[in-house]
Amino acid sequence: MRARVLAVALVTAAVAAAATQATAQPSKPHPDTPARWCADQGGRPATYHPYFDAGHQLTPLGGERQLCEFTAEDSSRITVATDTLAAGLPTLAALAYVRKPPLPEHPQGNPSAAYCAAIGGTTQFGNHKSDVGGWIKTGDPIDRDHLRNMCLFADGSTIDSWGLTYHTNGVIRGADLTKKFRAAIPTGR
């Protein structure tokens, strides 16, 4: 008797699960790569390489990163790492962009670098605040006009430091990323 009750319960559960799956709406498939997610959001994914700004020249560093650039009709732009944009969970860069922590009252030096540091990120390429650098897209000229300043956070997420700073001041550069992050970003603390 006990076996029969268990069998009926299992069959009932299986039928209910099958019926639920048959009537449920299919979930939206996720693109298979962060670069694809970037493109699906209207950005242009590309490979970028880091450079140290030694003052008189840009020195190439090892490594590379896939970044996603959004450019507006007014030619303003914002760049974010493709894996930051496509992350399934909130990242520190996404939280900073969506939540807009307040700017420092009297920043010293570069305002975007000061803002990035004030919210826990870094734009530094060395152990001194004056040690700067950035990222240049493969194929672009190696010059400061093509250097992207990125705010890097402890979780590895990164976003354009100027785009982040402007957004906090209510100015959208390139595109509003608020709804382009794959993860649901909580707005409250």
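Take the sequence shown: its letters are residues -24 to -1, 1 to 165, numbered as in mature numbering (1 follows the signal peptide of the UniProt record, and there is no 0). Virtual Cβ for every residue (Gly too), placed ideally from N, Cα, C. Quick caveat, the model's predicted, so the values are computed rather than measured.
Distance check between Asp16 and each of Gly164, Asn145, Thr134 and Arg158 places Arg158 closest, using alpha-carbon atoms only. With a minimum length of 4 residues, the unbroken runs of alpha helix (DSSP H) contained wholly in the segment 19 to 92 fall at 58 to 61 and 68 to 75.
Shown here, Gly146 sits in coil according to DSSP, grouped into three states, outside any helix or strand. C-alpha of Asp8 to C-alpha of Leu61: approximately 13 angstroms in a straight line. Sorting Ile148, Gly102 and Thr134 by C-alpha distance to the C-alpha of Glu49 places Ile148 at the top. For Gly109, the secondary structure class from DSSP, reduced to helix, strand or coil, is strand.
Separation of Asp29 and Thr35 (C-alpha to C-alpha, rounded to the nearest whole angstrom) is 6 angstroms. Of the candidates Asn86, Phe101, Leu140 and Ala151, Leu140 places its Cα closest to the Cα of Leu68. When Lys113, His122 and Cys127 are compared, the shortest CA-CA separation from Ala22 is found for Lys113.
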